[in-house]
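**Q** Below you will find the structure I want to go over with you.
Residue numbers (my numbering): -6 to 370.
See below:
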């Protein structure tokens, strides 16, 4: 089983040592038994994909899917390939296959390396005759640079990145807390109108950053998560969490006016530090709800995990988005939106690409229905 994650960070790195030190900050966790591929434009890192080390018979397919995902965001000038190992040499074959697939795609391999037990070994790649195959020779290992000495890491920390030791630690953030069982007695308490549901969400979202919002009561959890069973309300929330991705104008006008009335102004995806901080607070609100939704309520778990996944994906946090989607599908395998989002994430499609496609489609539809335009004739 292979799972891929895509990050859309854009940072400047100067050496393979800095790249390796910064990888946990891009992914949100320290990779183990993984291949990480960076896309470069000039000296800037513009995209990151990670895959678990696959079985030998799947290496070509995995390498091809990684390159497809990175190219889809705009063809890079070059790539870096880094293998993370628990045992020395176990990632070399997959690293080599990724480099060969990149070469077939006419992507230059800027550099390659293996990381094992705190040691980094650069890998020299040379052509093996005219066969298109490569020979890989690892160099002498050296200690991985401390992240505190890498300027790009300071930039990522400024963006709120604080990696956990492993993917399992990141996934543990979405595990139910003991108090989640208290929500069971409040299930079914939300039966109000969309106005009531959106008013509840408005109060909760306005409290972002407060201790009360970080520890919602069982009754509040039941009502907020329960309101997501109203699919128009849920889609309206997704449009609010991901401005520009899901156009509000595409919703029932009655819901659009209610969203604008009851919810605070949305925080657009931006590089502004204050906006990034506010969006991280919003994500923590969603995580608090996920942690307090009992596993005995599978529909609720799937709904709130999918909303979290969408918000994380919109912000380029592919790791959190993937984990949230996996949890949603574990509890509701037929959840339509979770399945769709899982396919988008697995294919390496970034939210910005989907937003651009939606915008282009809507513009084409508007042009086609404009009687004053040549296309509308």
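All residues carry an ideal CB built from backbone N, CA and C; glycine is no exception.
Just so it is clear, the structure is predicted and the values come from calculations on it, not from any experiment.
1) Buried or exposed for residue 299, please, with buried defined as at least 16 other CB atoms from any protein chain shown within 10 angstroms of its CB.
2) Output the distance between the C-alpha atoms of residue 289 and residue 177, rounded to the nearest integer angstrom.
3) Among all the DSSP beta bridges, which residues are the ones paired with residue 106?
4) Pull up the distance between the alpha-carbon of residue 55 and that of residue 84, whole angstroms please.
5) Looking only at its own chain, which residues have a Cβ that is under 8 Å from the Cβ of residue 285, when we skip the five neighbours before and after it?
6) Based on the DSSP output, what are the partners of residue 315 in its beta bridges?
7) With DSSP collapsed to three states, give me the class of residue 31.
8) Under 7 Å, do residue 13 and residue 108 count as touching if we go by C-beta distance?
9) Going by the DSSP bridge assignment, what does residue 131 pair with across the sheet?
10) According to DSSP, is residue 202 part of a helix, a strand, or is it coil?
11) Check residue 12 in the structure and name its three-state DSSP category.
12) Is it the case that the CB of residue 52 approaches a heavy atom of the ligand SAM more closely than 6 Å?
13) Measure the Cβ-Cβ separation of residue 301 and residue 318 and say whether it is below 7 Å.
14) Flag this pair as yes or no: are the beta carbons of residue 95 and residue 63 separated by less than 7 Å?
15) Spell out the partners DSSP gives residue 162 in its beta bridges.
16) Taking DSSP as the reference, what is the three-state secondary structure of residue 7?
17) Could you round the C-beta distance between residue 156 and residue 17 to whole angstroms and report it? I think they count as a contact, below 8 Å.
18) Where are the beta strand (DSSP E) runs, 3 residues long or more, that stay fully inside the stretch 247 to 313, in chain order?
19) Please report the distance separating the alpha-carbon of residue 221 from that of residue 312.
20) Which class does residue 189 belong to by DSSP, given the choice of helix, strand or coil?
21) Using the Cβ count rule (16 or more neighbours within 10 Å means buried), how would you classify residue 268?
22) For residue 89, which three-state DSSP category applies?
23) In chain order, what residues of the same chain lie with their CB nearer than 8 Å to the CB of residue 367, ignoring the 5 residues before and after it?
24) DSSP on residue 157, reduced to helix/strand/coil?
25) Just the C-alpha distance for residue 192 and residue 206, rounded to the nearest angstrom, thanks.
26) If you draw a straight line from the C-alpha of residue 332 to the C-alpha of residue 44, how long is it?
27) When DSSP labels each residue in this structure, what does residue 207 get in the three-state scheme?
**A** A quick look at the data gives this:
1) Residue 299 is buried by the Cβ-count criterion.
2) 8 Å
3) Per DSSP, 75, 115.
4) 13 Å
5) 169, 170, 172, 173, 176, 209, 211, 214
6) DSSP output for residue 315 lists no bridge partner at all.
7) strand
8) yes
9) 116
10) coil
11) The three-state secondary structure of residue 12, taken from DSSP, is helix.
12) Of ligands this structure carries none, so the ligand SAM is not represented either.
13) no
14) no
15) In DSSP, residue 162 forms no bridge with anything.
16) Residue 7 falls in the coil class under three-state DSSP.
17) 4 Å
18) none
19) Residue 221 and residue 312 have their alpha carbons spaced roughly 23 Å apart.
20) helix
21) exposed
22) helix
23) At residue 367, the pLDDT of 43 sits below 50, so the modelled position is not reliable; the number obtained from the coordinates is stated separately. For residue 367, where only same-chain residues beyond five positions count, there are no Cβ hits under 8 Å.
24) Residue 157 falls in the strand class under three-state DSSP.
25) About 15 Å.
26) About 19 Å.
27) helix
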